[in-house]
Structure formats: structure tokens, C-alpha cells
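Asks: Following this message is one structure expressed as C-alpha cells.
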Amino acid sequence: MSKAAGTVLAAWMLETRVSSPAEHLCVHVIPRDLSAVEGEDGPALHLMAPPNAEPRIKESASVVVVDATDAPSPNGAFDVLEEAVRGYPGVLVVGAVTGSCSALVWVRVQPPSVWQPVGYTVHVHTKGGQPEFYASALYGWMRWWLENLDQSALPAGCPPSVLLPRPPQMVEMVMAETSTQLSIRHTERVPDRPFEIHDPQDPLYR
């Protein structure tokens, strides 16, 4: 890894709620008191934790966020992200903050029991900031999509998450009545340049 993954913020217990207005999907991200105890009929919560949180928090986290703002280009942020994915095999969504309004977000599409993490990475950017919460917004979308999937047509034993599509290209994230439009696109590492042979005396390589 090019840069040690750093803390973005302290652990948060978060609630996500999704609505589907005519224009685009809207995910409400609502911080909750970490010590609050929700009843069985309470909202579905997830724990977002930085990678250096205490073990009991990390083991319960669905989302981990790491700092990749100083990672060298072109692939340093991917190194930071991938190390976090490997380091926390039970996590469902990993975010790597790359700037004040941008982040890479990895989304798992296989159960945590699969030895090799399987998922995809998207680049998320906005004009409104708060990149440490982009991963939680996509977690809220992922949970909403899986809850609305008709699982009756799935083969027995097939994990629903393997059918998870890419998120919409535009998602609205709402926090404390502030709305931010997340622009989302699939992204991959920049391919390494192949070894080039150059012999100035050979006309084939001029």
C-alpha cells in the first residue's frame, strides 16, 4: 500500500432510508447514537467504522472508510482501498476518500464467507463534500435493492447479492436536510504499461 490507511472519522451508527422520486433515487443517511438500543421494530442500522477502531466495532461494521487523499496517482488510492477490503473480509462496503468531494467505493457482491472478496468499484464525486458518507449512501442503496428483489425466482442457495447491479449514475444523498447529488461511475485501475523494447539501431523499433 502506498500510504497507511488513516482515520476519516470516529465510528457512527447510521440509519439509511430510501425513497424513489420521479427524478432519481434518494438515500437519507441519518447518524444515530452509538449507544442507543433499538427495538425489534426500530429502523435498520449499520455501523460505519474507520480501520483503526477497536476490535468489537470493526467486527460489527458493515462499512469501513479509509483515507486515500495523499495516495500517489494513478493507482495509489486503489492500493489503499484494496488493502482495506482484504483486511476486513466481513465488511460489505469499503470507501476510500480521495478528495474533499470524491471517493472510491467498493461494493461486495459475494457473501463474506467467500475466501476471495468479490465486488466492484465505483468512483463517486459531488460538489457538496462529505465524502466519508458516500460509502454509507451506497450501502443504503444496496440494502434497499436487495430488500426489494423478488427472491422467489432464485435457485435454492443462490445468494441474492450476486445479482446486485451497479448503482444508478445519480443518487441523491440527504443528511440533516442537506441534499447532495452523488455522481457515480464504474472505475478500474489504470493498466500498467507493458514493457517496451526500444533499440535505436533496429529499424523495427524506431
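Numbered per the numbering used here, the sequence shown spans residues 513 to 718.
Ideal Cβ placement from N, Cα and C applies to all residues, glycine included.
As the structure is a computational prediction, the values presented were derived from the model and not from experiment.
Is it buried or exposed for C538, if we count other Cβ within 10 angstroms and need 16 for buried?
Replies: For the purposes of this step, residue 538 is taken as the residue at position 26 of the sequence shown. That one is buried.
Asks: Pair every Cβ in the segment 635-642 with every Cβ in the segment 668-678, then say whether three or more of these pairs are closer than 8 Å.
Replies: With a cut-off of 8 Å, the segment 668-678 and the segment 635-642 do not count as touching, because too few Cβ pairs lie within range.
Asks: If you scan the segment 630-674 from start to end, which runs of the beta strand (DSSP E) of 3 or more residues do you find wholly inside it?
Replies: Counting only runs of 3 or more, we get 631-637.
Asks: Would you decide whether G669 is buried or exposed? Buried here means 16 or more other CB atoms lie within 10 Å of its CB.
Replies: Here residue 669 corresponds to residue number 157 of the sequence shown, with the count starting at 1. The residue is exposed, with fewer than 16 neighbouring Cβ atoms inside 10 Å.
Asks: Roughly how many angstroms lie between the CA atoms of I542 and R697, to the nearest whole one?
Replies: On the sequence shown, residue 542 is found 30 positions in, with the first residue counted as 1. On the sequence shown, residue 697 is found 185 positions in, with the first residue counted as 1. About 24 Å.
Asks: R609: which of R620, E684 and F645 sits nearest, CA to CA?
Replies: Here residue 609 is taken as the residue at index 97 of the sequence shown, counted from 1. According to the sequence shown, residue 609 is Val rather than Arg. Comparing Cα-Cα distances from V609 to each of R620, E684 and F645, the minimum goes to F645.
Asks: Thinking C-alpha only, which one of D545, R568, A615 and E571 is nearest V578?
Replies: Translated into the one-based positions of the sequence shown, residue 578 becomes position 66. Among D545, R568, A615 and E571, the Cα nearest to that of V578 belongs to A615.
Asks: Give me the DSSP bridge partner(s) of L616.
Replies: Position 104 of the sequence shown, counted from the first residue, corresponds to residue 616. Looking at the DSSP assignment, L616 forms a beta bridge with A608 and H635.
Asks: Starting from the Cα of Q622, find the closest Cα among H635, G602 and G607 and give me that residue.
Replies: As a working mapping, residue 622 is identified with position 110 in the sequence shown. For Q622, the nearest C-alpha among the options comes from G602.
Asks: Since V683 and H536 should fall inside the 8 Å C-beta cutoff, what is the C-beta to C-beta distance between them, to a whole number of angstroms?
Replies: Stepping through the sequence shown from its first residue, residue 683 is reached at position 171. Stepping through the sequence shown from its first residue, residue 536 is reached at position 24. So it is a contact: roughly 7 Å between Cβ atoms.
Asks: To the nearest angstrom, how far is it from the Cα of M525 to the Cα of M560?
Replies: Looking up residue 525 in the sequence shown gives position 13. Looking up residue 560 in the sequence shown gives position 48. Cα to Cα, the separation comes out at about 6 Å.
Asks: So S574 and L604 are in contact, right, with Cβ under 8 Å, and what is the actual spacing, rounded?
Replies: Counted from its first residue, the sequence shown places residue 574 at position 62. Counted from its first residue, the sequence shown places residue 604 at position 92. Contact holds; Cβ gap of about 5 Å.
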